[in-house]
Amino acid sequence: MRPIRRLLCLSTLCAMTACGSIPTKAFEFDAIDTAEQPRPCLVVVNDDWVGAAEKNQFVNVDGDDALRLEIPFTAAEIEVTIAPVLVESGKVTRVPKTRKEARDYSGFMDDTRRLRLLDPMRQLFILARKSGSS
Amino acid sequence: MPLAFAACGGAGYVRVMSVNPPDASVYINGVRVGQGSGRPYTFDFSTTERIYVQATHPDYQPEIEWFTKESIQQMIDANLDVKITLRPR
Chain A
1 MRPIRRLLCL STLCAMTACG SIPTKAFEFD AIDTAEQPRP CLVVVNDDWV
51 GAAEKNQFVN VDGDDALRLE IPFTAAEIEV TIAPVLVESG KVTRVPKTRK
101 EARDYSGFMD DTRRLRLLDP MRQLFILARK SGSS
Chain B
1001 MPLAFAACGG AGYVRVMSVN PPDASVYING VRVGQGSGRP YTFDFSTTER
1051 IYVQATHPDY QPEIEWFTKE SIQQMIDANL DVKITLRPR
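Protein chains in written order, with our numbering: chain A, 1 to 134; chain B, 1001 to 1089.
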């Protein structure tokens, strides 16, 4: 093998090895309303609404709890959306697929935050009522 | 003189926090630290690069502000308190 080709192969291997170690961080998500009461929500990472529903990324559905998520940082920042949901008898009545749907159906505003690897582990979202909602 | 100084030798910075309305609740990094205005709070950057402060009140829109060590240091240099003003709903 020619030296230049060997060097290229080695560089590619190094790059692949580096790419294989995507940093992850465990965050704890929670949501309350302005009266400081727990608010049921769906936690959506990087706009993956289907994945969030499939992985059951809900918080405060069955009482006051928090959701712990291990998040890989494929970029410097990840985007987390907290989408309010309505709950009846411990079950989510409708799983939103968009921010607008979450807002319109729940009567609460959604919230989005861009998180970095070295941000605080606990992420609390305080959701306001939608204008016109009592 | 406002109570605004870097804690001795550590990563903590003590700043006075003012919230309006004064009976709003204050959270630092998602943990409720109290209610009311004009109280000193410690900003500890030993485990994080950024710290977020939230204030909430039932009759107002909640607010969030993010701080870095540099932004807090600038406030200390300028002798500024942390002020969060909520907008009525």
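Glycine residues also receive a C-beta, built at the ideal position from the N, C-alpha and C atoms.
A1078(B) is not a Cβ neighbour of H1057(B), given a cutoff of 9 Å.
Against chain A, the beta carbon of I1051(B) has neighbours under 8 Å at P120, listed in chain order. Our two residues, V50(A) and P96(A), have alpha carbons roughly 9 Å apart in a direct line. At a cut-off of 9 Å, the C-beta of L127(A) has a neighbouring C-beta in chain B.
Residue ranges of uninterrupted beta strand (DSSP E) with 3 or more members, entirely inside the stretch 44-120 of chain A and ordered along the chain, are 67-72, 77-84 and 111-116.
Beyond the five residues adjoining it in sequence on each side, L67(A) comes within less than 8 Å, by CB distance, of E28, F29, D30, V43, Q57, F58 and V59 in the same chain, given in chain order. Against S1025(B), the close residues of chain A are E36, in the order they occur along the chain (beta-carbon pairs closer than 7 Å). Around R1089(B), the beta-carbon contacts reaching into chain A at under 9 Å are T34, A128, R129 and S131. With contacts defined as CB atoms closer than 9 Å, R114(A) and I78(A) qualify as a contacting pair. By the Cβ criterion, the stretch 1013-1021 of chain B is in contact with the stretch 1037-1048 of chain B, since at least three pairs of Cβ atoms, one from each stretch, lie closer than 8 Å. Within the same chain, R1015 and M1017 come within 6 Å of V1082(B) by CB-CB distance, once the 5 residues on both sides are set aside.
Scanning chain A for C-beta atoms nearer than 8 Å to the C-beta of Q1054(B) yields L124 and I126, reported in chain order. Under the DSSP assignment, K25(A) falls in the beta strand (DSSP E) whose first and last residues are T24 to D33.
Q1061(B) is the residue among Q1061(B), Y1013(B) and T1047(B) whose C-alpha sits nearest the C-alpha of L1086(B). Distances from the alpha-carbon of L69(A) to those of L127(A), G132(A), Q123(A) and I32(A) put Q123(A) closest. Residues of chain A with a Cβ closer than 7 Å to the Cβ of G1030(B) are, in chain order, D30, P120, R122, Q123 and L124.
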